[in-house]
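Just below is one structure, and these are the notes that go with it.
Number of protein chains: 2
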Amino acid sequence: MRFATLPNGTPDGRLHVVSRDNARCMPSEVAMTLQAALENWDALKPDLEKEYARLNQGGGQAFDMSQALAPLPRAWQWLDGSAFDSHGALMDAAYKVKAEKIPGKPLMYQGVSDRFYSGSEDIPFPTEDDGIDVEGEFGLITTAVPMGTTDTLPHIALLVQINDWSLRKLGPPEMKTGFGWVQTKPACSVAPIALTPDELGEAWRDARVDLPLTVEIKGEKLGAPQGYDMGFGFDQLVAHAAYSRALPAGTVVGSGTVSNENCREVGSACIAERRAIEMIDTGAPEMPFLEFGDHIRMECRAKDGSPLFGEIAQTVTKA
Amino acid sequence: MRFATLPNGTPDGRLHVVSRDNARCMPSEVAMTLQAALENWDALKPDLEKEYARLNQGGGQAFDMSQALAPLPRAWQWLDGSAFDSHGALMDAAYKVKAEKIPGKPLMYQGVSDRFYSGSEDIPFPTEDDGIDVEGEFGLITTAVPMGTTDTLPHIALLVQINDWSLRKLGPPEMKTGFGWVQTKPACSVAPIALTPDELGEAWRDARVDLPLTVEIKGEKLGAPQGYDMGFGFDQLVAHAAYSRALPAGTVVGSGTVSNENCREVGSACIAERRAIEMIDTGAPEMPFLEFGDHIRMECRAKDGSPLFGEIAQTVTKA
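Chains A and B are the protein sequences, given in the same order. Residue 34 in the numbering used here sits at position 34 of the first sequence, and the numbers go up by one each step. Residue 567 in the numbering used here sits at position 248 of the second sequence, and the numbers go up by one each step.
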């Protein structure tokens, strides 16, 4: 199934079912909002599937993804992992602020969830001096997860594609406090379509998205690393988060910046990683961080080229 | 004004106005929930004040604080500072994991906000082996704060008293990751009454609560440090948080564990600090962390002994 949320003047927007080709949509009669659907997911799923099947046969309205909000415009919890080892290794080497990993546990922090930007709106930042950067990620949305749950796969309702905006110059000092990131991590953007894992077919493998995420900065390709190389699967990220807390329905969990060992061939999903490679290879970073007016774009398509999450395509602006 | 939230079968409960002596309450006709009141605070405040004045003249029902939920049973954001320098210095010295402060900025992390425990319910934890501990704190609840706001005092709507439950043995390793705490910091408890700063009279001073917070563990007093010694006032904590994000109405911001320089006289608001003092003074910690069945209690009263936030009085249990 595929879902999008269209604006209706309320903070949570109006849930729409989207056709398999992302071309058409219709308001769901089963749930008014995605949050409501997630709070009663197992009971509502059969009826949602019927709506989806009906829409795929025809009807509905044209789906204009530039009008969509984030699939879940706000959530009660956003926990972002950093599950790609090659990203961590590069950042440690270049920035000399090492994340000291806990054996057997993923890296994770909690960030802003009261607002997720859409994939198309302009994104305001206080200043260009903070090192404005993207982080292309995959993520998931859960049903309610009781504290201590270890079999978490049944709680992964939907997958999403995220841009975790980051202010790089604030990052290392906040990291050294040990308290994690507050100023470094403003609200994230989410691509317009949330989809059930089965929409990925064989590309949903070991609780990972085995597809490349293409990231473009100012019209130039920055990279297209694939999402399979996570040191911990999404199920493990959810279990980690649920160890000492219950996760409410609609919790969003992120993979961290998608990154591959062969990043010099496939490129990167954030500017900081490109700069890290430049520092390691040539002694100095070359690629600048973003300036007001700069445009970024991210998209992940299926192996046959068909669209999945839709695209994140937006511009950085002065707050 | 004083507010409490009583259960009505919904996640946000039912907002009640509480009399100045905490003895009586009545459902607010101005707003159904505290969240709704905060989202339209400036417009609703005059009518809420009329309700409060009327209740103080008599009427209403008996207020049984053991029946109350947290004033805000869930919030879109919980940001906890660590603003008491003497606490930080002791923890650094004893635990050898130093929070490297950023000059001019407070320490802060984001934690669980989709659920705040009441001040009276039993609190479940996965195991006694994690070093179960309390943290007695003061906190505030905001109206909506636009990104970049520096004059934040007008946005501090209410003050609360918090127990920030902490799993100490998980703390230093998570801190060394630089990502902050996820497993270390389960949901917090909040004392039953949220009050406007003017209820504190002269004890609301420099955006700090100049009153002692008494913490008892298993019926024994652990300490009663006062809340004035914050290195950053609550207004500065809010401004720090709002630098690169808008804060939604109902954002809860915490002071961090209340702690004073003369902690050997006034005692501590968490077991870890007492253990740190024992380690520094005698070479080894003596006081154990909490076990299932242990009871804790926290209360802050006005200088004349009159009640303010009500009490946190609860028992640790197996999840």
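Where is the CB? At the ideal position from N, CA and C, for every residue including glycine.
is_contact[residue i, chain A] using C-beta, thresh 8 Å
i, result
"Q545(B)", "no"
"V572(B)", "no"
"G612(B)", "no"
"V336(B)", "no"
"F444(B)", "yes"
"Q633(B)", "no"
"L486(B)", "yes"
"I421(B)", "yes"
"R616(B)", "no"
"Q354(B)", "no"
"S405(B)", "no"
"P326(B)", "no"
8 Å Cβ cutoff met for residue i and residue j
i, j, result
"V209(A)", "L79(A)", "no"
"Q161(A)", "S113(A)", "no"
"R487(B)", "F382(B)", "no"
"A207(A)", "D235(A)", "yes"
"V17(A)", "G119(A)", "no"
"K303(A)", "A203(A)", "yes"
"V416(B)", "G178(A)", "yes"
"S255(A)", "G81(A)", "yes"
"G308(A)", "R301(A)", "Per the sequence shown, the amino acid found at residue 308(A) is Leu instead of Gly. Yes, they are a contact pair."
"D122(A)", "Q314(A)", "yes"
"L38(A)", "I141(A)", "yes"
"G430(B)", "Q110(A)", "yes"
Beta-carbon separation (whole angstroms), residue i vs residue j, contact threshold 8 Å
i, j, result
"A558(B)", "T469(B)", "5 Å"
"A394(B)", "G569(B)", "5 Å"
"Q67(A)", "L6(A)", "6 Å"
"Q61(A)", "C25(A)", "6 Å"
"G602(B)", "N341(B)", "Rounded, the Cβ-Cβ distance is 44 Å, inconsistent with contact."
"W484(B)", "P505(B)", "5 Å"
CA nearest to the CA of residue i, picked from the options
i, options, result
"G331(A)", "P7(A), F116(A), M108(A) and L90(A)", "This structure cannot settle anything about residue 331(A), because the visible part of chain A is limited to 1 through 319."
"R274(A)", "R20(A), A94(A) and C25(A)", "A94(A)"
"L374(B)", "F322(B), L353(B) and A362(B)", "F322(B)"
"D361(B)", "K495(B), I475(B) and T329(B)", "I475(B)"
"L195(A)", "K185(A), L72(A), E100(A) and L237(A)", "L72(A)"
"P103(A)", "V585(B), L489(B), G407(B) and T446(B)", "L489(B)"
"H614(B)", "K540(B), P567(B) and L409(B)", "K540(B)"
"R205(A)", "K218(A), C188(A), F138(A) and G233(A)", "G233(A)"
"I312(A)", "E216(A), G131(A), T127(A) and P248(A)", "E216(A)"
"G139(A)", "P192(A), V30(A), M147(A) and M279(A)", "P192(A)"
"L447(B)", "K369(B), G612(B) and E618(B)", "Checking the sequence, you will find Glu at residue 447(B) rather than Leu. The shortest Cα separation from E447(B) among K369(B), G612(B) and E618(B) belongs to G612(B)."
Spatial distance of residue i from residue j (CA atoms)
i, j, result
"Q545(B)", "L530(B)", "5 Å"
"K318(A)", "I271(A)", "19 Å"
"G542(B)", "S405(B)", "14 Å"
"C582(B)", "P604(B)", "16 Å"
"E386(A)", "L519(B)", "The shown model of chain A, from 1 to 319, leaves out residue 386(A), and the question about it has no answer."
"T143(A)", "G59(A)", "29 Å"
"V577(B)", "T533(B)", "10 Å"
"S28(A)", "L48(A)", "8 Å"
"D133(A)", "A269(A)", "10 Å"
"T411(B)", "K424(B)", "Just to set this straight, residue 411(B) is Asp in the shown sequence, not Thr. Spanning the two alpha carbons is a distance of roughly 18 Å."
"D600(B)", "V635(B)", "29 Å"
"A266(B)", "V464(B)", "In the structure as shown, chain B starts at 320 and stops at 638, and residue 266(B) therefore has no counterpart that could be examined."
"K495(B)", "K420(B)", "14 Å"
"P154(A)", "A408(B)", "44 Å"
"R333(B)", "N260(A)", "50 Å"
"A53(A)", "G328(B)", "35 Å"
"F444(B)", "M466(B)", "36 Å"
"A595(B)", "V266(A)", "49 Å"
"E137(A)", "P491(B)", "28 Å"
"A418(B)", "E174(A)", "10 Å"
"R20(A)", "K50(A)", "13 Å"
Chain B within 8 Å of residue i, Cβ atoms only
i, result
"M230(A)", "no"
"Y95(A)", "no"
"T177(A)", "yes"
"P71(A)", "no"
"W76(A)", "yes"
"A99(A)", "yes"
"F116(A)", "no"
"G139(A)", "no"
"V182(A)", "yes"
"S120(A)", "no"
Residue i CB to nearest heavy atom of the ligand ATP below 7 Å
i, result
"K364(B)", "Here there are no bound small molecules, and the ligand ATP is not part of this structure."
Neighbour flag for residue i against chain D, beta carbons, 8 Å
i, result
"Q555(B)", "Among the protein chains in the structure shown, which are A and B, there is no chain D."
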